[in-house]
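Q: Dumping the structure here so I can ask a few things about it.
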Amino acid sequence: MRLTFPRPWRRRSRSSQIAVPDGLSRDEQLRELGQLLQQRREAEGLTLRELAQETRITTPVIEALERGWPDRLPERAYLASMLPQLERRLALTPGVLEPVLPPAVVPQRKATLAQRRFTPGSIDVFTTWQGSLVYAILIFLSLLMINRQQQNLALQNSQSLEPVRVDLSGLDTTAALSPTDPQLDNLRPLDLARKRQPQDWLNAAGGLPRSRPGVLTLQLTQPSQLQLFSGGGDRLQLQLEAGTATLQLLAPVQLVIKPPPGEADQLLWNGEALKAETTRPGTYRVEATRAAAPAPLRPQTAPRSP
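The sequence shown: position 292 = 926 (this note's numbering), numbered continuously.
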């Protein structure tokens, strides 16, 4: 920071400062005041930056004041607070820089409001007593009309002002299902799980239970060659003599007999005769059948209607 010492030989009396003529235009006044401001700053031995730091006014604003640039000055409200600081720092007469301020805009709103006629379209709510009065009247009439409408609806029984009451007398408690009803068993999966046997859990882990083994009976009147495949993994190729043979197998079963059996020969599966394929004589097939699923795995019956 630059230190300034008192220099009485450079002091000037306030009466000897430059006076700005009153008959000049605003641009000429700005130039005259700018020269005055620059002369006082140079007389104090200050630069633009030093003066800006001491007065806390930006350098562009001080430069605009000294050069008379009104378009680069801030608004009137901000500029009015800056000029007294410059006047105090440069020892100028208070108010000498007031011509720099732009002319104040006189609000014409109140004057125009007094000249206008009072019409419904020119009502300013909450700003004039007429608008406030009209607003209060409209609110009062609206509340009155809404209250009247509610009363008419209540008289016409189209609107109930009391809460709706539930009629519990019509509920028939005797129609409820008994806890021991068999139809409710399938709706209790936890009870069904407790009643299941260990074998049921093992079968459920691998899907539905597999079909049971069947008995294949062969009654042949001549020697034959048998080739057999079963669902249990059996792969047999036998030479059979005339007579009867019995095998226990797991479906599906496919067997081929060469030569094809005659009319006197019989092939039985669980006592039922097997028929050869029409396109392949001597070839017989038994399809796999699954046992019925246990009750817990069957689809549930349709729910009862309420």
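C-beta: ideal position from N, C-alpha, C; glycine also.
Judging by CA-CA distance, which residue of P915, L908 and E911 is the nearest neighbour of P893?
A: One-based indexing of the sequence shown puts residue 893 at position 259. Closest option to P893, Cα to Cα, is P915.
Q: What are the boundary residues of the beta strand (DSSP E) that includes F863?
A: Against the sequence shown, residue 863 aligns to sequence position 229. Residues S858 to S864.
Q: In the DSSP assignment, what are the bridge partners of G877?
A: Here residue 877 refers to the residue found at position 243 of the sequence shown. L854, per the DSSP bridge assignment.
Q: Quick one: what's got a C-beta closer than 6 Å to L671's C-beta in the same chain, skipping five residues either side?
A: Counted from its first residue, the sequence shown places residue 671 at position 37. Taken in chain order, the residues that qualify are L699 and E700.
Q: Candidates G896, F774 and E688: which alpha carbon is nearest T855's?
A: In the sequence shown, counting from the first residue as 1, residue 855 sits at position 221. Nearest of G896, F774 and E688 to T855, Cα basis: G896.
Q: For K892, report the span of its beta strand (DSSP E) as first-last.
A: Here the question's residue 892 lines up with position 258 in the sequence shown. Element bounds for K892: V887 to K892.
Q: So, helix, strand or coil for T693, using DSSP?
A: The residue given as residue 693 occupies position 59 in the sequence shown. Three-state result, T693: helix.
Q: Thinking C-alpha only, which one of G905, L707, T913 and D819 is nearest V890?
A: As a working mapping, residue 890 is identified with position 256 in the sequence shown. The shortest Cα separation from V890 among G905, L707, T913 and D819 belongs to T913.
Q: DSSP three-state call for Q764: helix, strand or coil?
A: Position 130 of the sequence shown holds residue 764. Correct three-state label for Q764: helix.
Q: Give a yes or no on whether the C-beta atoms belonging to T851 and A876 are separated by under 9 Å.
A: Against the sequence shown, residue 851 aligns to sequence position 217. Against the sequence shown, residue 876 aligns to sequence position 242. Going by C-beta atoms, T851 is not nearer than 9 Å to A876.
Q: Tell me the DSSP secondary structure of V920 in three-state form.
A: Walking along the sequence shown from the start, residue 920 turns up at place 286. Strand.
Q: What's the C-alpha gap between L713 and S776?
A: Stepping through the sequence shown from its first residue, residue 713 is reached at position 79. Stepping through the sequence shown from its first residue, residue 776 is reached at position 142. Answer to the nearest angstrom: the Cα atoms are 51 Å apart.
Q: Which residues does DSSP pair with G848 in a beta bridge?
A: As a position in the sequence shown, residue 848 is number 214, starting the count at 1. DSSP, once it has assigned bridges, lists L883 as partnering G848.
Q: Of the residues Q871, A898 and S864, which one's Cα is nearest the Cα of L884?
A: What you label residue 884 is simply residue 250 of the sequence shown in a count that begins at 1. Checking every option, the nearest Cα to that of L884 belongs to S864.
Q: For V920 and K829, I'd like the C-alpha separation in whole angstroms.
A: Position 286 of the sequence shown holds residue 920. Position 195 of the sequence shown holds residue 829. In a straight line, the C-alpha of V920 is about 35 Å away from that of K829.
Q: DSSP three-state label for E906, please.
A: Position 272 of the sequence shown, counting from 1, holds the residue named residue 906. E906: strand per DSSP, three-state reduction.
Q: What did DSSP end up calling Q651 once you bin it into helix, strand or coil?
A: Here residue 651 corresponds to residue number 17 of the sequence shown, with the count starting at 1. Residue placement at Q651 is flagged as unreliable, the pLDDT there being 43, under the threshold of 50; a coordinate-derived value is accordingly withheld.
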